[in-house]
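To start, the structure itself, in structure tokens.
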Amino acid sequence: MSDIVVILPDGSELSVPEGSSVADAAYEIGPGLGKDTVAGVVDGELVDKATALHDGANLVIVTDQSDEYLDVLRHSAAHVFAQALQRLHPEAKLTIGPWTDQGFYYDVTNVDLDMDDLEDIEAEMADIVEEDLPIERELVDREEALAKYEDNEFKREILETEAAGDDPISFYKQGEFEDLCKGPHVESTGEIGAFELLNISSAYWRGDEENETLTRVYGTAFASESDLHDFLEMQEEAKERDHRKLGQELELFSIDETTGPGLPLYHPNGKRILDELADYAKQLNLDAGYDPVETPHLFRTELWKKSGHYENYVDDMFLLDVNDEEYGLKPMNCPGHATIFDQQSWSYRDLPVRYFEDGKVYRKEQRGELSGLSRVWSFTIDDGHLFVRPDQIEDEINLIIDNILEVFDTFDLEAEVALATRPEKSVGSDEIWEQAETQLKAVLDDSGIDYGIEAGDGAFYGPKIDFAFKDALGRKWDGPTVQLDFNMPDRFDLTYTGEDNEEHQPVMIHRALYGSYERFFMVLIEHFNGKFPFWLAPEQVRILPISDDQLGYAKRLQNRDFGDFRVGVEDRSWTLGRKIREAQEDRVPYMIIVGGDEQETQTISVRDRKERERKDVEIDDFRAHLEDEREEKRAEPDFLDE
RNA sequence: GCCGGUGUAGCUCAGCUGGCAGAGCGAUUCCUUCGUAAGGAAUAGGCCGAGGGUUCAAAUCCCUCCACCGGCUCCA
45 MSDIVVILPD GSELSVPEGS SVADAAYEIG PGLGKDTVAG VVDGELVDKA
95 TALHDGANLV IVTDQSDEYL DVLRHSAAHV FAQALQRLHP EAKLTIGPWT
145 DQGFYYDVTN VDLDMDDLED IEAEMADIVE EDLPIERELV DREEALAKYE
195 DNEFKREILE TEAAGDDPIS FYKQGEFEDL CKGPHVESTG EIGAFELLNI
245 SSAYWRGDEE NETLTRVYGT AFASESDLHD FLEMQEEAKE RDHRKLGQEL
295 ELFSIDETTG PGLPLYHPNG KRILDELADY AKQLNLDAGY DPVETPHLFR
345 TELWKKSGHY ENYVDDMFLL DVNDEEYGLK PMNCPGHATI FDQQSWSYRD
395 LPVRYFEDGK VYRKEQRGEL SGLSRVWSFT IDDGHLFVRP DQIEDEINLI
445 IDNILEVFDT FDLEAEVALA TRPEKSVGSD EIWEQAETQL KAVLDDSGID
495 YGIEAGDGAF YGPKIDFAFK DALGRKWDGP TVQLDFNMPD RFDLTYTGED
545 NEEHQPVMIH RALYGSYERF FMVLIEHFNG KFPFWLAPEQ VRILPISDDQ
595 LGYAKRLQNR DFGDFRVGVE DRSWTLGRKI REAQEDRVPY MIIVGGDEQE
645 TQTISVRDRK ERERKDVEID DFRAHLEDER EEKRAEPDFL DE
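Numbering (this note's numbering), first residue to last: 45 to 686.
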């Protein structure tokens, strides 16, 4: 038998006999490693350690020290769930049970489950873990496998699709339980240190709504109780920060049943923050050479037919009949901006032309999708459209990326970047797509940003760069995008006159810094847990007089000394402790406390929401600090730092 | 849009095996004028999500719709 070569993570090559498995290769490296091997990653895919290697494979050995170990463990936890379920509900049919980022799920059917059932199943799972059953892989031939699943059309379908072919079928066995599965798994059920079933939900077989509805049980598992505990605490923290909860508590926004679903109402506190965000974006845009424009919420559907939105998205548009003519609320701002561009003739010297507008758009999203501010029917895009010559694309994209990264920096958010390439359904020639993707890639490569490729995820009219926000809890949210568009200039027949005195077509770039205000606001609320930086805080300072005797002094401070800030005075006849508690719960960055002593010396006591305090502060000193803190958009109140 | 769950006071929730609509917080009024995370008392507040049905009687049981929550699918 001849040898094959596999490539290890450090780039070194390992020669092993043909037909060697992941485990064989591990033993080749060292007997200790061989013994510890749980699974392997071959060419990026997590596989069972019994998987045969091919020549030239990239191999990573997975042990219980590897990051991938958790995936393996959770996969096994899914089997333990299935085993427990079958013990308690033998009639239940199993379908698929993979691991996920957060844990695992198992889709089952022919059984009714509620949360109480989950407790019983958890108890049974605990027994199975306690029994410490060895998990063994076994290979059976196709007929035998089909025979096992006479009553389970789902498993049979898997045998006929994913597991089709001549190879023997792999099953995993633990005690009396066995499951069609390609692995990998841990050695025994006892390795699952901690687990919890989280939720019951539903899903379609293979994610297709034409198919059967299955019951999906979500759970998670960890190697240790303390890891599980940390995970559950994080879940709890995320729940506490939920923007829908905070939005109500901090009086930021509401969504009223009467006024309509997905149509948020911004209260004064929320609007103050949105205004600050808009001012900041406007400044960035003006500095970057954008010209503000404004377009109405409503257009004749003529425009949407011209732009192509009508044929593609008419079902998701809000249409109205006006004097027997059809109008539509705008789902995008670009056709309006393209029309503005088209009102005059342009020279190549005029380009790039950059328009921006905080444009409110309306999209009739599926009802089941609406959720707080993250999916809504009406939202505002900080929308910029650039009309550029092909030779200007790279420079312009570079400038846009700079702006976007500045936004991430300002809000203390981490960025995750991806290049989305040509989808199956698309317009434009091969050459222009090729060229555009190359240009975007070149910009990203030059910028030194880490980015991934989302193949086929581009818009039908052009490739795009997607930015995701990573918040303080490490969660990712869709953020701004930069999109190239070859379609719109064509449909609107946009032109400029070139140096050669011929007409040329500009390329359009769509971009946003925030994405939508709604989505961005949601991310910020949860990212900051409602503790907005001073410059954003709806109420920046609250003055707490010790007794009503200091109300006059408090009002003077509010109106005269700090008139330039958003300052409230607490005038309810509460104890000081109560006043502090309320200000703290409202997450006001600074409190100014004034009693008889302060009034006498014309000073103030300053307390911040981080529970720090200083007495005998000069009014002018504090005001000067606040001006700096606001100007520099600092994340945390820092007057009391030193 | 699909599956499952939930709608009771401004908020959080109890009442749900049919028989007078409840608590805490908040609000209002009065007392208290207070020095670092809840001072005391009293009062007001409800078409029990909407509509229909069963019943002597419905917040409670049944049906339809609406909204929200958790997922799925979708997201220009």
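All C-beta atoms in this analysis are idealised placements derived from N, C-alpha and C, irrespective of residue type, glycine included.
What you are looking at is a predicted structure, and each value in this text was computed from that prediction instead of being measured.
{"Asked": "Short Cβ contact (9 Å threshold) for Val-230 with Leu-117", "Found": "yes"}
{"Asked": "Beta-carbon proximity list for Val-724, same chain, < 6 Å, skipping 5 on both sides", "Found": "The displayed coordinates of the chain run from 45 to 686. Any statement about residue 724 would go beyond what the structure contains."}
{"Asked": "DSSP three-state assignment for Asp-446, whether helix, strand or coil", "Found": "helix"}
{"Asked": "Three-way DSSP call (helix, strand, coil) for His-133 in this model", "Found": "coil"}
{"Asked": "Contiguous alpha helix (DSSP H) assignments of at least 4 residues, all confined to the segment 78 to 140", "Found": "113 to 132"}
{"Asked": "According to DSSP, residues forming a beta bridge with Phe-148", "Found": "Trp-143, Gly-263"}
{"Asked": "Of the listed residues Glu-62, Glu-295, Arg-131, nearest to Gly-100 (C-alpha basis)", "Found": "Glu-62"}
{"Asked": "The segment 407 to 414 / the segment 298 to 318 touching (three or more Cβ pairs under 8 Å)", "Found": "yes"}
{"Asked": "Outcome for Ala-191 when other beta-carbon atoms lying within 10 angstroms are tallied against a minimum of 16", "Found": "exposed"}
{"Asked": "With 16 other Cβ atoms within 10 Å as the buried cut-off, status of Leu-484", "Found": "buried"}
{"Asked": "Whether Gly-263 touches Tyr-150 by CB criterion (9 Å)", "Found": "yes"}
{"Asked": "CA-to-CA distance, Asp-664 to Phe-606, given in whole angstroms", "Found": "9 Å"}
{"Asked": "Spatial distance of Gln-418 from Leu-318 (CA atoms)", "Found": "Looking at the sequence provided, one finds Ser at residue 418 rather than Gln. Spanning the two alpha carbons is a distance of roughly 15 Å."}
{"Asked": "Cβ pair Gly-403, Gly-372 closer than 9 Å", "Found": "no"}
{"Asked": "Touching by the beta-carbon criterion (3+ pairs, under 8 Å), the segment 324 to 335 and the segment 390 to 402", "Found": "yes"}
{"Asked": "Boundaries of the beta strand (DSSP E) in which Met-552 is found, first to last residue", "Found": "551 to 560"}
{"Asked": "Reduced DSSP category for Met-635 - H, G, I as helix; E, B as strand; rest coil", "Found": "strand"}
{"Asked": "Complete runs of the alpha helix (DSSP H) confined to the segment 498 to 542 [at least 4 residues]", "Found": "531 to 535"}
{"Asked": "When Phe-504, Pro-434, Leu-449 are compared against Glu-468, the one with the closest alpha-carbon", "Found": "Phe-504"}
{"Asked": "Candidates Ala-96, Val-86, Glu-57, Ser-110, of which the one nearest Leu-77 by Cα", "Found": "Ser-110"}
{"Asked": "Opposing strand residues paired with His-429 [DSSP bridges]", "Found": "Tyr-399, His-554"}
{"Asked": "Close-in-space but distant-in-sequence residues of the same chain around Val-585 (CB under 8 Å, 5 per side omitted)", "Found": "Phe-606, Phe-609, Arg-610, Val-611, Gly-612, Val-632, Pro-633, Tyr-634, Met-635, Ile-636, Leu-670"}
{"Asked": "Where Glu-201 falls: helix, strand or coil (DSSP)", "Found": "helix"}
{"Asked": "Delimiting residues of the beta strand (DSSP E) encompassing Ser-214", "Found": "213 to 218"}
{"Asked": "Beta-carbon proximity list for His-311, same chain, < 8 Å, skipping 5 on both sides", "Found": "Glu-295, Leu-296, Phe-297, Ser-298"}
{"Asked": "Minimum C-alpha distance to Ala-614 - residue among Leu-538, Glu-626, Asn-603", "Found": "First, the amino acid is wrong: residue 614 is Glu here, not Ala. Glu-614 has its Cα closest to that of Glu-626, out of Leu-538, Glu-626, Asn-603."}
{"Asked": "Selection from Glu-662, Ala-94, Arg-200 that minimises the alpha carbon distance to Glu-180", "Found": "Ala-94"}
{"Asked": "Strand pairing of Glu-655, partner residues [DSSP]", "Found": "Answer by DSSP bridge pairing: none, since Glu-655 is not bridged."}
{"Asked": "Host beta strand (DSSP E) of Glu-690 (start-end)", "Found": "With the chain covering 45 to 686 only, the question about residue 690 has no answer from this structure."}
{"Asked": "C-beta atoms of Val-155 and His-133 nearer than 9 Å", "Found": "yes"}
{"Asked": "N-terminal and C-terminal residue of the beta strand (DSSP E) that Arg-181 is part of", "Found": "180 to 184"}
{"Asked": "Residue(s) in a DSSP beta bridge with Glu-369", "Found": "Val-366"}
{"Asked": "Beta bridge counterpart(s) of Ser-65 as assigned by DSSP", "Found": "Ala-96"}
{"Asked": "For Ala-486, the first and last residue of its enclosing alpha helix (DSSP H)", "Found": "474 to 491"}
{"Asked": "Rounded separation between Arg-563 and Gly-523 - CA only", "Found": "8 Å"}
{"Asked": "Rounded C-alpha distance that separates Trp-618 from Ile-624", "Found": "10 Å"}
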